[in-house]
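S.K.:
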Amino acid sequence: MYDKKAVDKNKWMIDPDDAVLLLIDHQSGLFQLVRDIDQPVLRSHVSALAKVAHLAKIPTFTTASVPDGPNGPLIPEIHQYNPDAEYIPRTGQINAWDNPAWVEAIEKTGRRTLLMAGTLTSVCMSFPTLSALVAGYKVFTIVDASGNWSQMATDITLARVVQAGAMPIDTYAILAEIMSTWNRPDAMDFAAVMVDHIVPRYRALMESYDKAQNVERTGRETKLDLLEGAQAKTPA
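Numbering-wise, my numbering comes out as the position in the sequence shown, counting from 1, plus 914.
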């Protein structure tokens, strides 16, 4: 029986019961500026985070910078995959943390661990990260779910937020830390997120394992072999 309260926790890792997911300015217009990660990959990672948070019932907040302007609207996948996510509008603030409604929503959760991603990385992710650290939160910055206008800008930004106390992390590690164990009833739901959005090559590994297990059980290699074998035994 899976008991998440029994899972060992430490300050360097994510406690799902203390976590909040913050997805900041993942907007269609801003995505056009991204050069340090392929846009489809970025979009897929953001979708994965939305799904993982929904599976784990982690409070999720989104926001957008002037969505009626050239920055464009939020990508729709976030709220599609996580209908419980709450959108917090803001009135022109570049730093989402400067919006009192944003900070209030986070404070109301009573949680102190923030999983943060934003586009562009050097502004939309880093400014709220620095502000949250000053406010005493533990912050994990999700690098591969944030996009920036250049790799150099990302490198500088990561050096800045790490020096301030943030912990950089990738989407796969987020999934694995929140999932914590394969011995849970929704394990295959997490696995589906992994192969659909983060590590698609893992699907081939799973398929080859399934095939090997099938051969061991039946002596047949494929479902087609099984069908042909059954037909051969059927009287004409």
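Don't be surprised by glycine CBs; every beta carbon is placed ideally from N, CA and C.
Can you give me the start and stop residues for the alpha helix (DSSP H) that residue 1085 sits inside?
M.R.: In the DSSP annotation of this structure, the continuous segment of the alpha helix (DSSP H) that includes residue 1085 starts and ends at 1085 to 1093.
S.K.: Taking the alpha carbon of residue 1019 as the reference point, which residue from 1053, 1129 and 975 has its own alpha carbon closest?
M.R.: 975
S.K.: So for residue 1070, helix, strand or coil by DSSP?
M.R.: helix
S.K.: Tell me whether residue 1007 sits in a helix, a strand or coil according to DSSP, three-state version.
M.R.: coil
S.K.: Checking the sheet assignment: what are the DSSP bridge partners for residue 1000?
M.R.: 975
S.K.: Report yes if the C-beta distance between residue 941 and residue 979 is below 8 Å; otherwise report no.
M.R.: yes
S.K.: Based on the DSSP secondary-structure assignment, which residues constitute the bridge partners of residue 1055?
M.R.: 1030 and 1082
S.K.: Which residues mark the beginning and the end of the alpha helix (DSSP H) in which residue 944 is found?
M.R.: 942 to 945
S.K.: Going by beta carbon distance, what residues of the same chain come within less than 6 Å of residue 1054, once the five residues before and after it are set aside?
M.R.: Sequence-distant Cβ neighbours of residue 1054 in its own chain, meaning closer than 6 Å and more than five residues away, are 1029, 1081 and 1083.
S.K.: Using a Cβ-Cβ cutoff of less than 6 Å, which residues in the same chain neighbour residue 1068 once the five nearest sequence positions on both sides are dropped?
M.R.: 950, 1035 and 1062
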